[in-house]
Amino acid sequence: MATTTAAITLTSTDLLTDALSLSATNTLYKAGTTIGLDQTTGMAKAYLTATTVVDIFPQLIEGSIAFENKSSWVYICNKSEDETEYITVKICENVIGKLYAGDFLWMPWSMRESENANNHHGDITVAPSVATGMWLEWTCINEGTEYPTENLATA
Amino acid sequence: MAITSTFNLISAAGDLVTDALTLSTTNNLTQAGNSTAIAQTTGLARTNFTNNPIQSKIVYRSNDATTNGANKVYLKNISTTATEYFTVFIDQEEMGRLYAGDWAFFPWSATDGTEETFIVTIANTWAAADTWDFDGITTTAANSTVADIAQQIDNQNFPNWTTAISSAAVTFTARVSGAAGVVTGATAITGDTVTTAGDGTAAITSGAVGTRSESDIIVIPSVVTTMDLEHALFYQ
């Protein structure tokens, strides 16, 4: 069985009177089981040079529900070193938050259709704050991805 | 001051993929657009969900943090039963499910709505012992001076509103954003009552309807039996 573990540590010696030392580790399982997740999109690294909103998992077929509510985990990291640069992360049309330089997120993903019922299936998008170039990394580890079939249509 | 977050994603060679996966990221949590450390937190909380029928809870309201701040949210499902999960929503959009032992850490823009607000102006002839009721609080006039009565109102601790005073006018602002339906127009609210021996008035001289926030973090358990969620918010 594939075993992938995700761990976080949050520490601070001076945020509170007492030291903060929070740790969590979990093994990534298929939904409702103890069978390890065994598929991934692979780690993507991209240099985005426009502030355009980008769908970072375009291979997800819009309109497909094959993997809706299955177990999927998303990692996104803003590799910029300029503290003023950020990316805005959305799920469907709804802003989750902004990742500033060095910030990362680790979140579950239901691939659930947008509440607006426009077949976006929970698209995760990012939009850089500047067009001067920003490095990003992202990956998805999941139960599977329904890939588009070959498109033989000609223009 | 500093909060350090470290993320590790590990899988042995030949396990998830042929090569070993060893991803490690470390970052200090800083405010939006600068290097000043995040300095506020709700603390690590633990919330029990035991409801039949199943009910959602708002774990964090947008009012809890600065809109577009570099806020961070930590959530963990404490359950040890593999089939039990929490579904996490950002407002109306489903983000994902946290199964037993799963945790998440993500930025949060805390996009706030607007709070309902209105101004009540104490006027005309009031007498000692006249009253104004609102939000479950009764203010009883100590004398007939309208500015004093307004000051008495401002001194109250309203459960759902904050107040500010200017002469005989008291400005009310809802503690939480949303269209609660208390303010119904530019000069009207519901739920207030004046009882006066004279012709005293508590006129609504200004009002604005609120709008709901669009990024409250809402969590729904999968079962009616007990489930615990651990959570923390680090915010500007």
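So the sequences go chain by chain: A and B. Take the working numbering: the last position of the first sequence gets the number 1242, and nothing is skipped along the way. Take the working numbering: the last position of the second sequence gets the number 242, and nothing is skipped along the way. Cβ atoms here follow ideal geometry from the backbone N, Cα and C, with glycine treated the same way.
*Buried or exposed: Ile155/B, going by 16 or more other Cβ atoms within 10 Å of its Cβ?*
Working through the second sequence from its first residue, we reach residue 155/B at position 149. When all chains shown are included, Ile155/B counts as buried.
*asked:* Rounding to the nearest angstrom, what Cα-Cα distance links Gln37/B and Ser1110/A in this structure?
replied: Position 31 of the second sequence, counted from the first residue, corresponds to residue 37/B. Position 23 of the first sequence, counted from the first residue, corresponds to residue 1110/A. Gln37/B and Ser1110/A: Cα-Cα distance of roughly 22 Å.
_Residue closest to Ser1216/A, alpha-carbon to alpha-carbon, out of Glu1233/A, Asp1169/A, Ile1178/A, Glu1200/A_ = For the purposes of this step, residue 1216/A is identified with residue 129 of the first sequence, where counting begins at 1. Measuring from the Cα of Ser1216/A, the nearest candidate turns out to be Asp1169/A.
*asked:* Under DSSP, the beta strand (DSSP E) around Val152/B begins and ends at which residues?
replied: Mapped onto the second sequence, residue 152/B falls at position 146. Taken as a continuous stretch (DSSP letters only), Val152/B belongs to no beta strand (DSSP E), being part of the alpha helix (DSSP H) at 152 to 161.
*Report the rounded CA-to-CA distance for Asp141/B versus Asp198/B, giving the unit in angstroms.*
In the second sequence, residue 141/B corresponds to position 135, counting from 1. In the second sequence, residue 198/B corresponds to position 192, counting from 1. When rounded, the distance between both Cα atoms is 8 Å.
*Enumerated in chain order, which unbroken segments of the beta strand (DSSP E) with a length of 3 residues or greater are wholly contained in the stretch 20 to 81 of chain B?*
27 to 34, 51 to 55, 63 to 66
*Mind checking whether Ser212/B and Tyr91/B have CB atoms under 7 Å apart?*
For this step, residue 212/B is matched to residue 206 along the second sequence. For this step, residue 91/B is matched to residue 85 along the second sequence. For Ser212/B and Tyr91/B, no; Cβs fall outside 7 Å.
*asked:* Using C-beta distances below 6 Å, list every residue in its chain close to Thr137/B, excluding the 5 sequence neighbours before and after it, in chain order.
replied: Counted from its first residue, the second sequence places residue 137/B at position 131. So the qualifying residues of the chain are Thr144, Thr146, Thr201.
*Fully enclosed by the stretch 1119 to 1170 of chain A, which beta strand (DSSP E) runs are 3 residues long or longer?*
Inside the stretch 1119 to 1170 of chain A, DSSP marks whole beta strand (DSSP E) runs of 3 or more residues at positions 1131 to 1135, 1159 to 1165, from first to last along the chain.
*With a cut-off of 8 Å on the beta carbons, I'd call Ile226/B and Trp114/B a contact; round off their distance for me.*
Within the second sequence, the letter at position 220 stands for residue 226/B. Within the second sequence, the letter at position 108 stands for residue 114/B. Incorrect: roughly 18 Å between the Cβ atoms, too far for contact.
*asked:* Run through chain B and tell me which residues come within less than 8 Å of Cys1179/A, C-beta to C-beta.
replied: The residue labelled residue 1179/A in the question sits at position 92 within the first sequence. Within chain B, the residues near Cys1179/A are Glu99.
*How close, in whole Å, do the beta carbons of Gly204/B and Gly184/B come, if the pair is a contact with beta carbons under 8 Å?*
Stepping through the second sequence from its first residue, residue 204/B is reached at position 198. Stepping through the second sequence from its first residue, residue 184/B is reached at position 178. The pair is not a contact, with the Cβ atoms about 36 Å apart (cut-off 8 Å).
*What residues are listed by DSSP as bridge partners for Gly1184/A?*
Sequence index remark: in the first sequence, residue 1184/A carries index 97 (1-based). DSSP lists Val1176/A as partners of Gly1184/A.
_Range covered by the beta strand (DSSP E) that runs through Glu100/B_ = Position 94 of the second sequence, counted from the first residue, corresponds to residue 100/B. Taken as a continuous stretch (DSSP letters only), the beta strand (DSSP E) holding Glu100/B covers 99 to 105.
*Among Thr93/B, Ala208/B, Ala174/B, Thr123/B, the one whose alpha carbon lies nearest that of Ser62/B*: Walking along the second sequence from the start, residue 62/B turns up at place 56. Closest by alpha carbon: Thr93/B.
*Contact between the stretch 1220 to 1232 of chain A and the stretch 1127 to 1135 of chain A: three or more CB pairs below 8 Å?*
yes
*Counting only the same chain and skipping the five closest in sequence on each side, list residues whose C-beta sits under 6 Å from that of Asn58/B.*
In the second sequence, counting from the first residue as 1, residue 58/B sits at position 52. Hits under 6 Å: Val230.
*asked:* Can you confirm whether the stretch 1095 to 1103 of chain A touches the stretch 10 to 26 of chain B when touching is taken to mean that 3 or more C-beta pairs between the two stretches lie within less than 8 Å?
replied: yes
*State whether the stretch 1157 to 1164 of chain A contacts the stretch 1108 to 1128 of chain A, with contact taken as three or more CB pairs (one from each stretch) at a distance under 8 Å.*
yes
*Does the stretch 1174 to 1194 of chain A touch the stretch 17 to 28 of chain B, meaning 3 or more C-beta pairs lie closer than 8 Å?*
Output reads no: the stretch 1174 to 1194 of chain A does not touch the stretch 17 to 28 of chain B.
_Rounding to the nearest angstrom, what Cα-Cα distance links Tyr1234/A and Ala116/B in this structure?_
The residue labelled residue 1234/A in the question sits at position 147 within the first sequence. The residue labelled residue 116/B in the question sits at position 110 within the second sequence. Spanning the two alpha carbons is a distance of roughly 34 Å.
*Leu81/B and Ala106/B: beta carbons closer than 7 Å?*
Counted from its first residue, the second sequence places residue 81/B at position 75. Counted from its first residue, the second sequence places residue 106/B at position 100. In this structure, Ala106/B does not lie closer than 7 Å to Leu81/B by Cβ.
*Residue environment, Thr89/B, which counts as buried when at least 16 other CB atoms sit within 10 Å*: On the second sequence, residue 89/B is found 83 positions in, with the first residue counted as 1. It counts as exposed.
*For Tyr1162/A, the nearest candidate out of Ser30/B, Tyr66/B, Ala194/B, His237/B (CA to CA)*: By 1-based counting over the first sequence, the position of residue 1162/A is 75. Per the Cα distances, Ser30/B.
*Could you give the C-beta distance for Phe112/B and Met1130/A, rounded to a whole number, given that I count them as a contact under 8 Å?*
Numbered from 1 along the second sequence, position 106 holds the residue referred to as residue 112/B. Numbered from 1 along the first sequence, position 43 holds the residue referred to as residue 1130/A. Actually they are not in contact, since the Cβ atoms of Phe112/B and Met1130/A sit about 18 Å apart, beyond 8 Å.
*Inter-residue spacing [alpha-carbon to alpha-carbon] between Leu1102/A and Ala8/B*: Locating residue 1102/A in the first sequence gives position 15, counting from the first residue. Locating residue 8/B in the second sequence gives position 2, counting from the first residue. Approximately 7 Å between the Cα atoms of the pair.
*Alpha carbon to alpha carbon, how far is Arg103/B from Ala174/B?*
As a first step, residue 103/B is located in the second sequence; it is residue number 97 there, counting from the start. As a first step, residue 174/B is located in the second sequence; it is residue number 168 there, counting from the start. Between Arg103/B and Ala174/B, the C-alpha separation is close to 52 Å.
*Would you call the stretch 154 to 170 of chain B and the stretch 122 to 136 of chain B in contact, with 3 or more CB pairs under 8 Å?*
The stretch 154 to 170 of chain B, when compared against the stretch 122 to 136 of chain B, does touch it at the 8 Å Cβ threshold.
*Return helix, strand or coil for Pro1235/A, following the three-state DSSP convention.*
As a position in the first sequence, residue 1235/A is number 148, starting the count at 1. For Pro1235/A, the secondary structure class from DSSP, reduced to helix, strand or coil, is coil.
_Cβ neighbours of Val176/B in the same chain (closer than 6 Å, five flanking residues each side left out)_ = Taking the first residue of the second sequence as position 1, residue 176/B is located at position 170. Here the set comprises Val126, Ala156, Ile159, Asp160, Thr169.
*asked:* Once DSSP output is grouped into helix, strand and coil, what is the label at Pro263/B?
replied: Nothing can be reported for residue 263/B, as the shown portion of chain B is limited to 7 through 242.
*Do Ala238/B and Leu35/B come within 7 Å of each other at the CB atom, strictly closer than that value?*
The sequence position of residue 35/B within the second sequence is 29, counting from 1. The sequence position of residue 238/B within the second sequence is 232, counting from 1. The answer is no: Cβ separation not under 7 Å.
*Let me know if Ala1188/A comes out buried or exposed under the rule of 16 or more other beta-carbons within 10 Å of its beta-carbon.*
The residue given as residue 1188/A occupies position 101 in the first sequence. It counts as buried.
*asked:* Run through chain B and tell me which residues come within less than 7 Å of Met1194/A, C-beta to C-beta.
replied: Numbered from its first residue, the first sequence carries residue 1194/A at position 107. The contacting residues are Met101, Gly102, Ala110, Phe112.
*Have a look at Phe240/B and Asp139/B and give me their C-alpha separation to the nearest angstrom.*
Counting from one through the second sequence, the residue named residue 240/B turns up at place 234. Counting from one through the second sequence, the residue named residue 139/B turns up at place 133. Approximately 38 Å, taken between the alpha carbons.
*Could you give the distance in angstroms between the alpha-carbon of Thr48/B and the alpha-carbon of Glu100/B?*
Here residue 48/B is taken as the residue at index 42 of the second sequence, counted from 1. Here residue 100/B is taken as the residue at index 94 of the second sequence, counted from 1. Cα-Cα distance, rounded: 23 Å.
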